[in-house]
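Asks:
Residue numbers (the numbering used here): 99 to 208.
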């Protein structure tokens with residue numbers, strides 16, 4: 099790939115990203131305009147549904163019937179939940195749970 103192609107690709111991605119982010123404001127930009135109930139409903143349910151799908155994706159290949167019986171995944175998942183309940187900080191929860199999982203699979207469950 100040459101530099102021109104790369105710059106063009108970056109420009110197209112930047113424009114598309116901007117338009118995607120600007121779309122809700124263009125659509126519902128009037129003052130005191132309330133979005134449709136469907137949009138409000140989707141705004142409330144998409145985040146938890148996405149997190150649930152990520153959890154299922156992360157444990158899909160875990161063998162719970164053979165040693166170590168999914169222990170690193172369960173311990174790290176519980177730590178992630180506890181960190182989030184205590185500090186309400188998504189980054190801390192994600193990085194803390196990931197770091198604990200990596201330590202567990204490299205040391206105790208290696």
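Note that CB positions come from ideal geometry on N, CA and C, so glycine has one too.
Computed from a prediction, not measured in an experiment: that's the story for all the values here.
DSSP three-state label for residue 193, please.
Replies: Of the three classes helix, strand and coil, the one that applies to residue 193 here is helix, per DSSP.
Asks: Check residue 182 in the structure and name its three-state DSSP category.
Replies: If DSSP states are grouped into helix, strand and coil, residue 182 belongs with the helices.
Asks: If you measure between the beta carbons of residue 174 and residue 138, is that distance less than 8 Å?
Replies: The answer is no: Cβ separation not under 8 Å.
Asks: I need the straight-line Cα distance from residue 169 to residue 208, nearest angstrom please.
Replies: For residue 169 and residue 208, the distance between alpha carbons rounds to 12 Å.
Asks: Would you give the residue range spanned by the alpha helix (DSSP H) that residue 119 belongs to?
Replies: Note, residue 119: alpha helix (DSSP H), 101-125.
Asks: Can you give the beta carbon distance from residue 181 to residue 195, rounded, assuming they're within the 8 Å contact cut?
Replies: Indeed they touch by this definition, with Cβ atoms about 7 Å apart.
Asks: From residue 128 to residue 144, what distance separates their C-alpha atoms?
Replies: Distance between the alpha carbons of residue 128 and residue 144: 24 Å.
Asks: Only counting the same chain, and skipping five residues up and downstream in sequence, which positions put a Cβ closer than 6 Å to that of residue 198?
Replies: Within the same chain, residue 198 has close Cβ partners 174 and 177.
Asks: Do residue 126 and residue 133 have their C-beta atoms closer together than 8 Å?
Replies: For residue 126 and residue 133, yes; Cβs fall inside 8 Å.
Asks: For residue 191, does the count of other Cβ atoms within 10 angstroms reach 16, so buried, or fall short, so exposed?
Replies: Under this definition residue 191 is a buried residue.
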